[in-house]
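Colleague: Following numbering that gives the first Met the number 0, the numbering of the sequence shown begins with 0 at its first residue and continues without gaps. C-beta: ideal position from N, C-alpha, C; glycine also.
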Amino acid sequence: MTGLDVGTIKRDFPILSREINGKRLVYLDSASSSQKPIPVLDAMDRVYRDHYANIHRGVYAIAEQTTAEYEEARRKVARFVNAADASEIVFTRNATESINLVAYTWARANLREGDVVVLSHMEHHANVVPWHMLASERGIQLRWIPFRADFTLDTSNLDELLAGAKLLAISAMSNVLGTINDIAPLAARAHAAGALVLVDACQYVPHVATDVRAWDADFVAFSAHKLLGPSGIGALWARRELLEAMPPFLGGGEMIRDVRLDGWLPNEVPWKFEAGTMPIAEAVGLAAAIDYLNALGMEAVRDHEMALTRYALDRLRDRYGSGITIFGPDDVHARGGVISFDYKGIHPHDLSQVLDQRGVCIRAGHHCAKPLMRRLGMAATARASLYVYNDEADVDVLVDALSMADELFL
Ligand SMILES: Cc1ncc(COP(=O)(O)O)c(C=O)c1O
């Protein structure tokens with residue numbers, strides 16, 4: 000179908016050879032969290048079996064080796080998103096923590112009552128709640144960019160929304176609609192209005208070659224677990240001068256240069272933001288995930304997802320016509336492989352349970368995007384999401400299995 004040899008890729012993911020309810024596991028929930036290939040599992044296993052020690056502390060060989068691998072992971076992440084320097088990558092627990100880091104440090108140091116943060120209607124709660132919290136605490140004002148009937152961002156009033164704003168905080172790819180927001184022009188308009196730009200790239204970085212400098216963003220947040228890496232580690236990229244000016248986030252451990260009875264001095268960036276023992280093996284696992292994706296080629300990853308998304312959208316509509324409503328753009332160039340849908344009004348949780356009988360894993364619910372669900376007029380949707388280990392056969396199983404719900408629920 001495309002440049003990816005999915006048959007071979009599937010064999011790299013041990014979990015995909017499992018059976019569920021006597022059926023082949025068909026994993027279509029990668030937007031929630033992806034599966035992990037053998038090189039990632041092996042890399043983490045090797046850390047624990049071979050040279051595990053805490054980082055930045057011991058001066059013995061295995062501690063130095065582990066520290067070197069942790070810092071090499073930072074360089075790999077930096078190259079993966081085309082950061083100017085590894086010191087611009089702060090390791091966090093996940094994208095949520097990366098966004099909260101910006102809200103707790105940069106925003107609390109810079110935003111006052113009445114200051115404006117612009118968000119969109121398609122944000123994940125991770126990029127909504129921290130700003131609501133700041134609104135309650137500080138009286139900052141939130142403005143919202145709506146979306147059009149075709150599920151693309153409605154930028155017709157953008158300049159009005161950005162007037163006087165201090166921050167545009169926006170998703171690069173919606174985890175519900177799949178919509179890809181074209182960040183570079185949005186960032187240009189935000190900067191022209193004097194606002195900084197935070198990109199929630201949690202759904203984007205795993206699927207599309209990412210260039211934070213081409214975006215000309217100021218902060219970019221993402222998680223490892225959605226890009227074939229482990230849970231427990233994420234990253235914040237930020238321009239170095241911003242990181243240097245920002246106050247630290249959490250206190251303790253290696254985030255200090257000095258501590259005395261009467262005060263303390265922060266470490267240099269990025270360590271200033273990395274308090275306490277960090278996710279060490281997870282960083283090495285993340286590096287292995289990046290190596291894996293780079294070996295596939297991010298262009299090929301994107302091409303594969305566009306082709307498979309086209310196939311899935313067409314198959315679902317051809318088979319079910321007006322029985323299925325898909326919430327997301329039709330043009331695969333403007334969207335990722337996240338397919339949210341309503342099937343004949345059957346509750347998504349019921350649907351998900353029926354699909355589970357066929358070994359198919361999909362997500363059902365509000366997808367941590369309740370403002371967006373309200374705009375759609377839906378309490379919940381079913382969501383199938385595609386990644387490098389999915390192929391047409393997986394989509395066919397999903398499409399066939401949906402009809403099983405008819406007998407039970409209609
Ligand atoms: C668009 C988006 N932003 C943020 C998050 C939060 O990611 P995490 O749970 O890894 O912090 C998610 C997770 O689903 C997401 O899809």
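For a test of the three-state rule: what should DSSP assign to Ser222, helix, strand or coil?
Modeller: Sequence index remark: in the sequence shown, residue 222 carries index 223 (1-based). It is a strand residue.
Colleague: Among Val268, Val207 and Leu197, which one has its Cα closest to the Cα of Val117?
Modeller: Taking the sequence shown and counting its residues from 1, one reaches residue 117 at position 118. Closest by alpha carbon: Leu197.
Colleague: Do you know how far the Cα of Ala108 is from the Cα of Phe326?
Modeller: Walking along the sequence shown from the start, residue 326 turns up at place 327. Walking along the sequence shown from the start, residue 108 turns up at place 109. Going from the Cα of Phe326 to the Cα of Ala108 covers about 38 Å.
Colleague: On the CB-based measure, 16 or more other CB atoms within 10 Å of its CB, does Asp390 come out buried or exposed?
Modeller: Within the sequence shown, residue 390 is the residue found at index 391, counting from 1. By the neighbour-count rule (16 or more Cβ atoms within 10 Å), Asp390 is buried.
Colleague: What number of angstroms, rounded off, separates the C-alpha of Val80 from the C-alpha of Glu87?
Modeller: Stepping through the sequence shown from its first residue, residue 80 is reached at position 81. Stepping through the sequence shown from its first residue, residue 87 is reached at position 88. So the two alpha carbons sit approximately 11 Å from each other.
Colleague: Do Met277 and Thr104 come within 8 Å of each other at the CB atom, strictly closer than that value?
Modeller: Counting from 1 along the sequence shown, the entry for residue 104 is found at position 105. Counting from 1 along the sequence shown, the entry for residue 277 is found at position 278. Result no, Cβ atoms of Thr104 and Met277 do not sit closer than 8 Å.
Colleague: What ranges does the alpha helix (DSSP H) occupy inside the segment 249–313, keeping only unbroken runs of at least 4 residues that lie completely in it?
Modeller: Listed in chain order, the complete alpha helix (DSSP H) runs (minimum 4 residues) inside the segment 249–313 are 279–295.
Colleague: Got a sec? Which residues, its chain only, sit under 6 Å from Ile345 by beta carbon, not counting five neighbours each side?
Modeller: In the sequence shown, the residue the question calls residue 345 occupies position 346. Excluding residues within five positions, the ones whose Cβ falls inside 6 Å are Ala404 and Phe408.
Colleague: Span of the beta strand (DSSP E) holding Arg428?
Modeller: The structure shown does not extend to residue 428, since the chain is modelled only from 0 through 409, so no value can be given for it.
Colleague: Who are the near neighbours of His224 in its chain, counting only those whose CB is closer than 6 Å to its CB and skipping five residues on each side?
Modeller: Counted from its first residue, the sequence shown places residue 224 at position 225. Once the five neighbours on either side are set aside, the close Cβ partners of His224 are Ser32 and Ser230.
Colleague: What residue does the alpha helix (DSSP H) around Val394 start on, and which one ends it?
Modeller: Position 395 of the sequence shown, counting from 1, holds the residue named residue 394. Per DSSP, Val394 belongs to the alpha helix (DSSP H) from Glu391 to Leu401.
Colleague: Compute the distance between the beta-carbons of Glu298 and Gly335, then report whether it is under 8 Å.
Modeller: Within the sequence shown, numbered from 1, the residue matching residue 298 stands at position 299. Within the sequence shown, numbered from 1, the residue matching residue 335 stands at position 336. Result no, Cβ atoms of Glu298 and Gly335 do not sit closer than 8 Å.
Colleague: Does the segment 149–163 come into contact with the segment 350–365, if we say contact requires no fewer than three beta-carbon pairs (one atom in each stretch) closer than 8 Å?
Modeller: The segment 149–163, when compared against the segment 350–365, does not touch it at the 8 Å Cβ threshold.
Colleague: Could you give the C-beta distance for Trp214 and Ala183, rounded to a whole number, given that I count them as a contact under 8 Å?
Modeller: Your numbering for residue 214 matches position 215 in the sequence shown. Your numbering for residue 183 matches position 184 in the sequence shown. Indeed, because the Cβ distance is near 5 Å, the residues count as touching under 8 Å.
Colleague: Distance check for Asp341 and Ser119, CA to CA, integer angstroms please.
Modeller: Locating residue 119 in the sequence shown gives position 120, counting from the first residue. Locating residue 341 in the sequence shown gives position 342, counting from the first residue. So the alpha carbons of these two residues sit roughly 23 Å apart.
Colleague: Report, in whole angstroms, the separation of the C-beta atoms of Leu397 and Leu27, which I expect to be a contact under 8 Å.
Modeller: Counting from one through the sequence shown, the residue named residue 397 turns up at place 398. Counting from one through the sequence shown, the residue named residue 27 turns up at place 28. Sure, about 6 Å apart at Cβ, within 8 Å.
Colleague: Report buried or exposed for Trp130, applying the criterion of at least 16 other Cβ atoms within 10 angstroms of its Cβ.
Modeller: For the purposes of this step, residue 130 is taken as residue 131 along the sequence shown, with counting starting at 1. Under this definition Trp130 is a buried residue.
Colleague: If you reduce the DSSP assignment to three classes, tell me which class Asp28 lands in.
Modeller: For the purposes of this step, residue 28 is taken as residue 29 along the sequence shown, with counting starting at 1. Three-state result, Asp28: strand.
Colleague: From Ser155 to Gly228, what distance separates their C-alpha atoms?
Modeller: One-based indexing of the sequence shown puts residue 155 at position 156. One-based indexing of the sequence shown puts residue 228 at position 229. Looking at the two C-alpha atoms, the distance is approximately 38 Å.
Colleague: Can you pull the DSSP bridge partners for Ser351?
Modeller: Within the sequence shown, residue 351 is the residue found at index 352, counting from 1. For Ser351, which the question treats as bridged, DSSP gives no partner whatsoever.
Colleague: How long is the line joining the alpha carbons of Val258 and Val127, rounded to whole angstroms?
Modeller: Your numbering for residue 258 matches position 259 in the sequence shown. Your numbering for residue 127 matches position 128 in the sequence shown. Straight-line Cα distance between these residues: approximately 35 Å.
Colleague: Just to check my reading of the structure: Met132 and Ala368 have Cβ atoms closer than 8 Å, yes? What is that Cβ distance to the nearest angstrom?
Modeller: Translated into the one-based positions of the sequence shown, residue 132 becomes position 133. Translated into the one-based positions of the sequence shown, residue 368 becomes position 369. Between Ala368 and Met132 the Cβ distance is about 17 Å, and since that is not below 8 Å, they are no contact.
Colleague: Are the CB atoms of Val394 and Tyr310 within a distance shorter than 8 Å?
Modeller: Reading the sequence shown from its first residue, position 311 is the one you call residue 310. Reading the sequence shown from its first residue, position 395 is the one you call residue 394. Yes, the pair counts as a contact, with Cβ atoms nearer than the cut-off.
Colleague: Going by alpha carbons, who is nearest to Gly177 out of Asp329, Cys360, Gly21 and Glu18?
Modeller: The residue given as residue 177 occupies position 178 in the sequence shown. If we check each option's Cα against that of Gly177, Asp329 comes out closest.
Colleague: Going by DSSP in three states, Ile169 sits in which element: helix, strand or coil?
Modeller: Residue numbering aside, residue 169 sits at position 170 when the sequence shown is read from its first letter. In the structure shown, Ile169 sits in a strand (DSSP, three-state: E or B).
Colleague: Ligand 1 and His123: does any heavy atom of the ligand fall closer than 7 Å to the residue's C-beta?
Modeller: What you label residue 123 is simply residue 124 of the sequence shown in a count that begins at 1. Because some heavy atom of ligand 1 lies under 7 Å away, the Cβ of His123 counts as near it: yes.
Colleague: Between which residues of its own chain and Ala52 is the CB-CB distance below 6 Å, once the five residues before and five after are set aside?
Modeller: Position 53 of the sequence shown, counted from the start, is the residue given in the question as residue 52. Cβ neighbours of Ala52 beyond the five flanking positions: Ile61, Ala62 and Thr65.
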